[in-house]
Amino acid sequence: MPASENLPPPLAAALARTAEAVTAHIDGAIAESGAPGERLAAAMRHATLAGGKRLRPFLVLETAALFGVRADAAMPAAAALECIHCYSLVHDDLPAMDDDELRRGQPTVHRAFDEATAILAGDGLLTLAFEILAREDTGPYGDVDARVRLALVASLARAAGVAGMIGGQMLDLAAEGRFGEGGLDPAPLDLPAEAIIELQAMKTGALLRQACEAGALLGGASPAERASLDRYARAVGRAFQIADDLLDVEGEAALVGKALGKDAAAGKATLVGRLGIDGARSELARLVGEAEAALSGFGTAATLLVEAAYFVAYRRN
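For the sequence shown, the working numbering assigns the number 696 to the initial residue and increments by one for each residue that follows.
Right under this line is the structure:
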C-alpha cells in the first residue's frame, strides 16, 4: 500500500469529496447558528474550515454506504462528528492543555484570536454538533427515523464524554504528571502498555468508533455487522494513535502542520515509548491486518474502508 501522499485514486477522490461536502455543511450550519457578531463565527470557521483529513466523517459516510444509505442522508451525522473533533482540537491546543501554536499549518484558534474566544468557539462547535444531529429539516436526513436520530445523539455524547474522549484526555493529563495526589509533587506516571492502550482508546479511539457506529445505525446494521465494524474501528483507532505518536518522533513539521517532539518533552505515555519504533511499526502492521480481516464479510463493498486503514497507519501528516 502506498504512503499517504500517494493514495489510491479512488480513496483520494472519496476523501476529497467528503472534505468538500462536510466543509460546506459545517459552514452552512455556522452561518445559521445565530452566533452574535462576526468574531465568534470566524473563530469557529477557523477551527473547522482550515483543512484536515476529514477521516471521521469519511468513515461515517463509507460505513453508511455499505447499507445503501446516501451520502446526503448521512451527512448530518458526519458533520456533527467533525464539529466534535474540531472542538476537541481547539481545547487541546489551549495553554492550559497542550499549549500549541500551530494546527494544520496555521495558528491555533487561541493564537489567531484569543484564549477566551477559543474556549467559546470550542463550546459553540460542541453544542452545534448536537443541533445538527437533532434537526429534522436537513434534506433526506429529515426522513431518518426519530429513534435513529436519538440513538445517534446518544452515541456521539457517549463517545465525546467522560467515558470517551474527555475521560481519555483527563487520563492523558494525569499520565503527564499534571496532578499531584496525597501531598506529592506532580510527576509523570510510568504506565504499562495496557493502560496506555486504554487511555488512547478513550481519547482518540472513541470518536473513530463512533464514526463507524453512526454509519451502522443509519444503515440498520445487524448485530453481527455492527460487531465487525466495531472491530475494524477499534483497530483503526489504535493504529491512528500509534501513527500519530510515530509522527511526533519521526515526522517533518512542515508536513505534519504542528510542532513535533512535544510528547517526550511533556512526559506523555505512548506505545512508541513502550515498544520502541520498530515494535510500534510491527504493531501497526498487525492492526492493519486486523482491520482488514474485520471487514472480510462485506466483500469488495468495503474496499475504501480497507484502504483507509492503510492510510491511517502509514500517513505522513
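The C-beta atom is built at its ideal place from N, Cα and C for all residues, glycine as well.
Just so it is clear, the structure is predicted and the values come from calculations on it, not from any experiment.
Below 8 Å, can you find three or more Cβ-Cβ pairs linking the segment 750 to 761 to the segment 833 to 845?
no
Going along the chain, which residues of its own chain have a beta-carbon closer than 6 Å to the beta-carbon of C907, five neighbours each way excluded?
Here residue 907 corresponds to residue number 212 of the sequence shown, with the count starting at 1. The answer, listed in chain order, is L754, T758, L924, A928.
F874: buried (16+ other C-beta within 10 angstroms of its C-beta) or exposed?
By 1-based counting over the sequence shown, the position of residue 874 is 179. Exposed, by the Cβ-count rule.
Tell me, please, whether the segment 771 to 788 touches the segment 804 to 820 by the rule of three or more beta-carbon pairs shorter than 8 Å.
yes
Counting pairs of Cβ atoms below 8 Å between the segment 926 to 943 and the segment 895 to 903, do you hit three or more?
yes
Which ranges would you report for the beta strand (DSSP E) in the segment 820 to 850 if only whole runs of at least 3 residues count?
none
R904 classed as buried or exposed, judged by whether at least 16 other C-beta atoms fall within 10 angstroms:
Here residue 904 is taken as the residue at index 209 of the sequence shown, counted from 1. By the neighbour-count rule (16 or more Cβ atoms within 10 Å), R904 is buried.
Neighbour-count burial assignment, R842, 16 or more Cβ in a 10 Å radius:
Sequence index remark: in the sequence shown, residue 842 carries index 147 (1-based). Exposed, since its Cβ has fewer than 16 Cβ neighbours within 10 Å.
Could you pull the start and end residues of the alpha helix (DSSP H) that D794 belongs to?
Counted from its first residue, the sequence shown places residue 794 at position 99. Segment: none, D794 is in no alpha helix (DSSP H) and carries neither H nor E.
Can you list, in chain order, the residues of its chain whose CB lies under 8 Å from that of A852, leaving out five sequence neighbours each side?
The residue given as residue 852 occupies position 157 in the sequence shown. So the list reads F825, once near-sequence residues are dropped.
According to DSSP, is P771 helix, strand or coil?
Counted from its first residue, the sequence shown places residue 771 at position 76. Of the three classes helix, strand and coil, the one that applies to P771 here is helix, per DSSP.
Expected contact under 8 Å - CB spacing of A745 and R799 to nearest Å
Here residue 745 corresponds to residue number 50 of the sequence shown, with the count starting at 1. Here residue 799 corresponds to residue number 104 of the sequence shown, with the count starting at 1. Correct: roughly 5 Å between the Cβ atoms.
Might you give, ordered along the chain, the residues of its own chain that have their beta carbon closer than 7 Å to the beta carbon of I779, omitting 5 neighbours on each side?
Position 84 of the sequence shown holds residue 779. Same-chain partners within the cutoff: L821, A824, L851, A855, L902.
Identify, in the order they occur along the chain, each residue of the same chain with its Cβ nearer than 8 Å to the Cβ of D794, setting aside the five sequence neighbours on each side.
Looking up residue 794 in the sequence shown gives position 99. So the list reads D788, once near-sequence residues are dropped.
Top-ranked residue by Cα proximity to A637, from A714, A813, A766, G732
There is no way to answer for residue 637, as the model of the chain reaches only from 696 to 1012.
From D973 to E985, what distance separates their C-alpha atoms?
To locate residue 973, count along the sequence shown from 1; it is residue 278. To locate residue 985, count along the sequence shown from 1; it is residue 290. Each residue's Cα considered, the two are about 19 Å apart.
Delimiting residues of the alpha helix (DSSP H) encompassing S991:
For this step, residue 991 is matched to residue 296 along the sequence shown. Run containing S991: none; DSSP gives neither H nor E here.
Distance between beta carbons of L999 and L735, contact taken as under 8 Å
The sequence position of residue 735 within the sequence shown is 40, counting from 1. The sequence position of residue 999 within the sequence shown is 304, counting from 1. Contact flag wrong, Cβ pair sits at about 36 Å.
Using a Cβ-Cβ cut-off of 7 Å (strictly less than) and excluding sequence neighbours within five positions of R751, which residues of its own chain qualify?
In the sequence shown, the residue the question calls residue 751 occupies position 56. So the list reads L776, E777, H780, L902, L903, A906, once near-sequence residues are dropped.
Considering E945, what are the terminal residues of the alpha helix (DSSP H) in which it resides?
Taking the sequence shown and counting its residues from 1, one reaches residue 945 at position 250. E945 -> alpha helix (DSSP H) spans 918 to 945.
Tell me whether A964 is buried or exposed, calling it buried when 16 or more other Cβ atoms sit within 10 Å of its Cβ.
Here residue 964 refers to the residue found at position 269 of the sequence shown. The residue in question, A964, is buried, as its Cβ has 16 or more Cβ neighbours within 10 Å.
With a threshold of 7 Å on Cβ separation, who are the neighbours of A813 within its own chain once the five nearest residues in sequence on each side are excluded?
The sequence position of residue 813 within the sequence shown is 118, counting from 1. Excluding sequence neighbours, A813 sits near A738, V785, L789, V804, H805.
Pair within 8 Å by beta-carbon distance, E920 and A930:
Numbered from 1 along the sequence shown, position 225 holds the residue referred to as residue 920. Numbered from 1 along the sequence shown, position 235 holds the residue referred to as residue 930. Not in contact: E920 and A930 (Cβ atoms no closer than 8 Å).
What is the rounded straight-line gap between the Cα of V717 and the Cα of S728?
Looking up residue 717 in the sequence shown gives position 22. Looking up residue 728 in the sequence shown gives position 33. Roughly 16 Å between the two C-alpha positions.
For P802, which of helix, strand or coil comes out of DSSP?
The residue you call residue 802 lines up with position 107 of the sequence shown. In this structure, P802 counts as strand in the three-state DSSP scheme.
Is R740 near T713, with beta carbons less than 8 Å apart?
On the sequence shown, position 45 is the one that residue 740 refers to. On the sequence shown, position 18 is the one that residue 713 refers to. Contact flag unset, no.
Relative to the alpha-carbon of A768, which residue among R976, L797, L828 has its alpha-carbon at the smallest distance?
Start at 1 with the first residue of the sequence shown, and residue 768 comes out as number 73. Out of R976, L797, L828, L828 has the C-alpha closest to the C-alpha of A768.
Option in R981, A922, M860 with minimal Cα separation from F993
For the purposes of this step, residue 993 is identified with residue 298 of the sequence shown, where counting begins at 1. The shortest C-alpha separation from F993 is found at A922.
Environment of T833 [buried if 16+ CB atoms lie within 10 Å]:
Within the sequence shown, residue 833 is the residue found at index 138, counting from 1. T833 is buried by the Cβ-count criterion.
Could you tell me which of G900, G915, R969 sits nearest to E889, measuring between CA atoms?
The sequence position of residue 889 within the sequence shown is 194, counting from 1. Considering only alpha carbons, the answer is R969.
Compare the beta carbon distance of A989 and R926 with 8 Å and say whether it is the shorter of the two.
Within the sequence shown, residue 989 is the residue found at index 294, counting from 1. Within the sequence shown, residue 926 is the residue found at index 231, counting from 1. Yes, Cβ-Cβ distance for A989 and R926 is below 8 Å.
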